[in-house]
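With this note's numbering, you'll find the sequence shown wraps up at 477, consecutive numbering, no jumps.
Quick reminder that beta carbons are idealized off the backbone N, C-alpha and C, glycines included.
Please read all numbers here as calculations on a predicted model, not as lab measurements.
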Amino acid sequence: NSQQIIDYFTKSSFEARVMAALVNAEDEGELRENLTTLGAEIEEELRRAQAERPAGFALLDELD
414 NSQQIIDYFT KSSFEARVMA ALVNAEDEGE LRENLTTLGA EIEEELRRAQ AERPAGFALL
474 DELD
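Written as structure tokens, this is what we have:
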């Protein structure tokens with residue numbers, strides 16, 4: 414159903430992932446751990462996306 418699709422994309426958005434890291438932290442140490450984990454996940458996603466690009470194509474070239 415359409416609500417499930419909306420929920421899926423909302424939960425997987427970058428903003429939702431940052432908010433989850435913030436809200437789920439009980440203290441500063443856990444917040445640091447959550448954000449470090451999120452950063453590592455994002456770096457891995459970027460590496461995977463870069464690997465799928467043709468040779469000589471930089472992911473950041475799209476932003477120029």
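I'd like to know whether the C-beta atoms of Ala434 and Leu448 end up nearer to each other than 7 Å. Your numbering for residue 434 matches position 21 in the sequence shown. Your numbering for residue 448 matches position 35 in the sequence shown. Ala434 places its beta carbon less than 7 Å from that of Leu448.
Rounded C-beta distance between Leu411 and Val431? I'm assuming under 8 Å. In the structure displayed, the chain extends from 414 to 477; residue 411 sits before or after that span and is not available.
Tell me the DSSP secondary structure of Ser425 in three-state form. Looking up residue 425 in the sequence shown gives position 12. In the structure shown, Ser425 falls within a helical segment according to DSSP collapsed to helix, strand and coil.
Would you give the residue range spanned by the alpha helix (DSSP H) that Glu446 belongs to? Counting from one through the sequence shown, the residue named residue 446 turns up at place 33. From DSSP, the alpha helix (DSSP H) with Glu446 extends over 441-464.
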